[in-house]
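Single-structure report; data block below.
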Amino acid sequence: MADVNEILTKLTDVLTAIQTTQQSLVQRSESTYISKDHLQAYDESNESFDCYLQRLDNHLKLKRVDDTTPASDKICVQILIGCLSPKIYQTLTKLTAPELPSTKTYKQLIKLLKEYLSPQASIIAEQHKFYTRMQLEGEAIQNYVAELRKLTINCNFNCPSCQASTIDTHIRAQFIRGIRDNDIRERLLRLLLSTHTYEHNLYEASETMIYESVYFNKNRLLLSTHTYEHNLYEASETMIYESVYFNKNQLSFEEIIQIAQSVEIAKQESNQMQPNNYNVHTLRENSNEAKSNQSR
Numbered sequence: 568m569a570d571v572n573e574i575l576t577k578l579t580d581v582l583t584a585i586q587t588t589q590q591s592l593v594q595r596s597e598s599t600y601i602s603k604d605h606l607q608a609y610d611e612s613n614e615s616f617d618c619y620l621q622r623l624d625n626h627l628k629l630k631r632v633d634d635t636t637p638a639s640d641k642i643c644v645q646i647l648i649g650c651l652s653p654k655i656y657q658t659l660t661k662l663t664a665p666e667l668p669s670t671k672t673y674k675q676l677i678k679l680l681k682e683y684l685s686p687q688a689s690i691i692a693e694q695h696k697f698y699t700r701m702q703l704e705g706e707a708i709q710n711y712v713a714e715l716r717k718l719t720i721n722c723n724f725n726c727p728s729c730q731a732s733t734i735d736t737h738i739r740a741q742f743i744r745g746i747r748d749n750d751i752r753e754r755l756l757r758l759l760l761s762t763h764t765y766e767h768n769l770y771e772a773s774e775t776m777i778y779e780s781v782y783f784n785k786n787r788l789l790l791s792t793h794t795y796e797h798n799l800y801e802a803s804e805t806m807i808y809e810s811v812y813f814n815k816n817q818l819s820f821e822e823i824i825q826i827a828q829s830v831e832i833a834k835q836e837s838n839q840m841q842p843n844n845y846n847v848h849t850l851r852e853n854s855n856e857a858k859s860n861q862s863r
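Residue numbering for the sequence shown follows the working numbering, beginning at 568 and increasing consecutively.
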């Protein structure tokens, strides 16, 4: 019986030693992981202050620190101050003067820095930038989409009723409106609108130009280049915004981008020229050249 008790005692000691070793290894691993984690100082030339706050929040979570108690709040303040560049810290001392930044709470310091480094942009001004952003000459479609997304950050594109985001809807409309290639725009509108709606809008534009041609019979080509292009532009604008709501084929924005890119690639490969770019003088030169060839 004594032998059995002795064996049980030894087994208990062994199990206790194993548990102690495991706990020690876990604690050592965690402390090593946390000590290796280092938060780089905020660099306003490389990131926005909002992005820095996200990194700071993640850093505090790894350190298992929060601002729920006065003691832990002081630690958060110390970490924040320690992770600021000399330039930003000097700015912070001016914002908290005559007191030192270390006398403020963590939330107070974050509020002061955010108001100074990330002032609320004018929504109307930001939306104007978005609506006037057209695809630049030589700009890739993917880059154009990326720039549009970047411009929506401060536009507050949300539904007034439910506050759901409407960013994708606005980007899709502006993408179709701002794309430089008319053939790509026409292809997208045909896919997004029903055949009846598309042809009806073109018919109305054509009817308008017929009646205007009676009065603006310029250069014997009935309409000036400006008037002709303006009417087509208005028809296109109508179809662009209708396409947002009557997405006939239920295409996602990613599919719309893929279609636009495929049309662009096909055109580049075939090197097709666009007759829409011709003006009155170009048409007349071609006509005179054709007549000259026929008379020979």
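Virtual Cβ for every residue (Gly too), placed ideally from N, Cα, C.
Per the C-alpha coordinates, the member of ASP617, ILE655, HIS737 positioned closest to ARG716 is HIS737. Just measuring C-alpha positions, the residue of ILE677, LYS661, ALA664 sitting nearest CYS650 is ILE677. For ASN749, the uninterrupted alpha helix (DSSP H) segment begins and ends at 749-759. Looking at the DSSP output, SER732 shares a beta bridge with ASN725.
Following the DSSP letters along the chain, one finds ILE826 inside the alpha helix (DSSP H) bounded by residues 820-837. SER837 and ASP750 have their alpha carbons spaced roughly 14 Å apart. Within the model, the alpha-carbon separation for ILE655 versus LYS630 is close to 23 Å.
Here CYS722 is buried: its Cβ has 16 or more other Cβ atoms, across all protein chains shown, within 10 Å. Going by beta carbons, ALA833 and LEU755 fall outside the 8 Å limit.
In its chain, beyond the 5 residues on either side, THR660 have a beta carbon closer than 8 Å to the beta carbon of LEU667.
Distance between ALA731 and ASN625, taken at the CA atoms: about 27 Å. Ranked by Cα distance from LEU680, the options ASP617, ASN725, ALA692 are led by ASP617. In this structure, CYS643 is the residue among ARG700, TYR698, GLN835, CYS643 with its C-alpha nearest to the C-alpha of GLN675.
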